[in-house]
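Below: one structure, written as structure tokens.
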Amino acid sequence: MAKVGYARVSTQGQSLDVQVSKLTEYGCNEIFKDKLSGTTADRPSLKECRTYVRRGDSLVITKLDRLARSTFHLTQIAEELKQKGVDLVVLDQNIDTSTPTGKLLFNMLASIAEFETEIRKERQMEGITKAKEKGVQFGRKAKLTEEQVRTLKQEREQGVKISELMAKYSLSKASVYRLLAQP
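For the sequence shown, my numbering begins at 856 and goes up steadily by one.
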């Protein structure tokens, strides 16, 4: 039942001292530290910390924004900790997921994050629908025009080799055969 601390500051010039002091006062045996922006997905010490914690441990942070910048990322981390049987303690916000109140607060945060995700998806789909109505094409641009495809088919009917068509149109063999098979 270890208390494992995690501290993070956004830049190399900032100090971790205040966070480390609070974590030490709380009784953290091990403290992992990162000096990277929270928006940076690859935070080596956080990754190491998440691997280090075991069932029954508590991951202790000073503020929620030290662990993650987005509620989505925070929810991912919290779910991972829950699956491992690790509690999350946030000192400055008095959240402790080992208590019923702490679980409630955290679940409220998770619900808000899920709501935000659903709203974002809804807006994205509306945007895609509007763009399609305006004629915006999605996906990769076609390599050949319809006229070029017709010419390619005519050349093949006239006996031009597949390898020559590949070279002329800068296509793979599979692409040439796929275009030839189209009606």
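The C-beta atom is built at its ideal place from N, Cα and C for all residues, glycine as well.
Euclidean distance between Cα positions of residue i and residue j
i	j	result
Ala933	Gln869	26 Å
Glu1010	Gln992	29 Å
Val859	Val873	16 Å
Tyr907	Ser900	10 Å
Leu1035	Leu1007	8 Å
Arg995	Gln1003	17 Å
Arg1033	Ser1027	10 Å
Tyr1024	Glu1012	16 Å
Glu973	Gly982	14 Å
Lys989	Glu977	19 Å
Ala1029	Arg975	38 Å
Gly957	Asn949	8 Å
Val864	Pro955	30 Å
Leu871	Glu903	18 Å
Collapsed DSSP secondary structure at residue i in the structure displayed
i	result
Arg863	strand
Asp951	strand
Val915	strand
Val1031	helix
Phe970	helix
Leu1007	helix
Val1015	coil
Phe993	coil
Lys937	helix
Asp942	strand
Lys890	strand
Classification of residue i by the beta-carbon crowding that lies within 10 angstroms, buried from 16 upward
i	result
Tyr861	buried
Phe961	buried
Thr930	buried
Val1015	exposed
Thr926	buried
Leu986	One detail in the question is off: residue 986 reads as Ala in this sequence, not Leu. When all chains shown are included, Ala986 counts as exposed.
Arg898	buried
Arg921	buried
Arg1005	exposed
Leu959	exposed
Rounded Cβ spacing between residue i and residue j (contact assumed at less than 8 Å)
i	j	result
Ser876	Ser913	That pair is no contact at about 18 Å.
Asn884	Ala923	No, Asn884 and Ala923 are not in contact; Cβ-Cβ is about 23 Å, not under 8 Å.
Thr917	Asp947	5 Å
Glu935	Arg905	7 Å
Is it the case that the stretch 936–947 contacts the stretch 885–892, given that we only count it when at least three CB pairs across the two stretches are under 8 Å? no
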